[in-house]
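Trainee:
In this note's numbering, the protein residues as written are 8 to 282.
1. Alpha helix (DSSP H) containing residue 73: first to last residue?
2. With DSSP as the reference, label residue 21 as helix, strand or coil.
3. Suppose you measure from the CA of residue 132 to the CA of residue 203; what does that come to, to the nearest Å?
4. Taking DSSP as the reference, what is the three-state secondary structure of residue 123?
5. Between residue 243 and residue 269, which are expected to be in contact by the criterion C-beta below 8 Å, what is the C-beta distance as a whole number of angstroms?
6. Here's the rule I'm using: 16 or more other beta-carbon atoms within 10 Å means buried, otherwise exposed. How should residue 258 be labelled?
7. In chain order, what residues of the same chain lie with their CB nearer than 8 Å to the CB of residue 224, ignoring the 5 residues before and after it?
8. Within 10 angstroms of its Cβ, does residue 199 collect 16 or more other Cβ (buried), or is it exposed?
9. Since residue 94 sits in a beta bridge, which residues does DSSP pair it with?
10. Where do the N-terminal and C-terminal ends of the alpha helix (DSSP H) with residue 143 fall, by residue?
11. Could you give the residue range of the beta strand (DSSP E) that holds residue 44?
12. Are residue 228 and residue 180 close, meaning C-beta to C-beta below 9 Å?
13. Residue 186 to residue 140, Cα distance in whole Å?
14. In chain order, what residues of the same chain have a beta carbon less than 6 Å from the beta carbon of residue 237, not counting five sequence neighbours either side?
15. Just to confirm, is the Cβ distance from residue 84 to residue 245 under 9 Å?
16. Measuring CB to CB, does residue 92 end up less than 9 Å from residue 146?
17. For residue 184, tell me which candidate among 205, 94 and 74 has the shortest Cα-Cα distance.
18. Taking only runs of the alpha helix (DSSP H) that begin and end inside the segment 204-248, which ones reach a length of at least 4 residues, in chain order?
19. Between the Cα of residue 249 and the Cα atoms of 155, 192, 208 and 207, which residue gives the shortest distance?
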C-alpha cells in the first residue's frame, strides 16, 4: 500500500508539472511578445517582427507609415514625435488570450501598433487590395498621434468613439488620396460598400461609446468629412486633439473648433443623412 501510494503521488506530481509547464507556455505565448527588432531609419518607429512574417508585409507597413507621416506633415502640420513600437504578430495575439484568426486586424495606442498578420483581412483581403492595408496602417498611425496629443480615450473611457474612429478612418484613406493612389470619389464608394449609407444605421449619437463594425466606421467617416468641410482644414482634427489633451471637455473643444454644438451637429447630420 505504501509503494502504491508513493506511485500515485509521483504520478500526480508529474501530471501537475506537465500542466504547469503547458500553462506557462500558454501564458508566455499570450503575454510575451518576442521578435526581431528593426528600426525604420529617420523615424520614431521600430518594427518587432515575429518569425514567419513575410518581407512583403514589412514593406507594406513601412510604406503605410511613411505615407501617413507625409500626410500628417502636409495636412495636419504635426507629426508623431515619440517612439512607437510596431509589432508584427504571427504567433502572439495583439490582444492577449484572443484568437489570431478572428481578432482585430490591427490595434494601436500612443506608443504601439500591433498588426495581426494572421487575421482574415490581412491574409485574404489585403493581398488582393494593397490600398486597404496601407489605409489600415495610416489609420492606426493616426491613433498613435491621437494618443500623443492626448485625445485618444483610455481602455475604460467610452466617449466620442465615432470621432476617434471616424477621424482615423478619414486620415487612413485621405493619406492615399494625398499620395495619388485613390480618388475621393472612390473612397466615398468604399464607404458605401462598407454600409455607411444604409438607412438602418442608428443615429450618429448612438456611437459615442463604441463603434461596432464597418458600417458604423463608414458613417463616422462621413461625419468627419462633414466636420472638416465646416472647419475648412483637416488640421481641425489635431486642433480638437490639442484642446482635449490640455484638459478641455470634448464637447467644449468640439464647439470651439467646429463652431457648432455637438447636439446641433448630430441633428444637422441626421437631417443630411435623411435627405
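All residues carry an ideal CB built from backbone N, CA and C; glycine is no exception. Keep in mind the model is a prediction, meaning the values are calculated, not measured.
Mentor: Let me spell this out:
1. As a position in the chain shown, residue 73 is number 66, starting the count at 1. Run containing residue 73: 62-78, per the alpha helix (DSSP H) assignment.
2. As a working note, residue 21 is residue 14 in the chain shown. Here the model assigns residue 21 a pLDDT of 49, short of 50, so the residue's position is not dependable, and the following value carries that caveat. Of the three classes helix, strand and coil, the one that applies to residue 21 here is helix, per DSSP.
3. Along the chain shown, read from residue 1 onward, the residue named residue 132 stands at position 125. Along the chain shown, read from residue 1 onward, the residue named residue 203 stands at position 196. The alpha-carbon atoms of residue 132 and residue 203 are separated by roughly 19 Å.
4. Here residue 123 refers to the residue found at position 116 when the chain shown is read from its first residue. Of the three classes helix, strand and coil, the one that applies to residue 123 here is strand, per DSSP.
5. By one-based count along the chain shown, residue 243 stands at place 236. By one-based count along the chain shown, residue 269 stands at place 262. Wrong, their Cβ atoms sit about 14 Å apart, outside the cutoff.
6. The sequence position of residue 258 within the chain shown is 251, counting from 1. Per the 10 Å Cβ criterion, exposed.
7. For the purposes of this step, residue 224 is identified with residue 217 of the chain shown, where counting begins at 1. Taken in chain order, the residues that qualify are 172, 173, 176, 201, 203 and 218.
8. One-based indexing of the chain shown puts residue 199 at position 192. Looking at its Cβ environment, which holds fewer than 16 other Cβ atoms inside 10 Å, residue 199 is exposed.
9. Working through the chain shown from its first residue, we reach residue 94 at position 87. According to DSSP, residue 94 bridges with 55 and 121.
10. Locating residue 143 in the chain shown gives position 136, where the first residue counts as 1. Counted as a single uninterrupted DSSP element, the alpha helix (DSSP H) harbouring residue 143 occupies residues 137-156.
11. Your numbering for residue 44 matches position 37 in the chain shown. Start and end: 43-46.
12. To locate residue 228, count along the chain shown from 1; it is residue 221. To locate residue 180, count along the chain shown from 1; it is residue 173. Cβ distance < 9 Å, so residue 228 and residue 180 count as in contact.
13. Residue 186 sits at position 179 when you count from the first residue of the chain shown. Residue 140 sits at position 133 when you count from the first residue of the chain shown. Whole-angstrom Cα-Cα distance: 14 Å.
14. Within the chain shown, residue 237 is the residue found at index 230, counting from 1. Closer than 6 Å at Cβ, skipping near neighbours: 265.
15. Position 77 of the chain shown, counting from 1, holds the residue named residue 84. Position 238 of the chain shown, counting from 1, holds the residue named residue 245. Taking C-beta atoms as the reference points, residue 84 and residue 245 count as a pair closer than 9 Å.
16. Looking up residue 92 in the chain shown gives position 85. Looking up residue 146 in the chain shown gives position 139. No, these two residues do not count as a Cβ contact at 9 Å.
17. Within the chain shown, residue 184 is the residue found at index 177, counting from 1. When each option's Cα is compared against that of residue 184, the closest is 74.
18. Counting only runs of 4 or more, we get 221-238.
19. Within the chain shown, the letter at position 242 stands for residue 249. When each option's Cα is compared against that of residue 249, the closest is 155.
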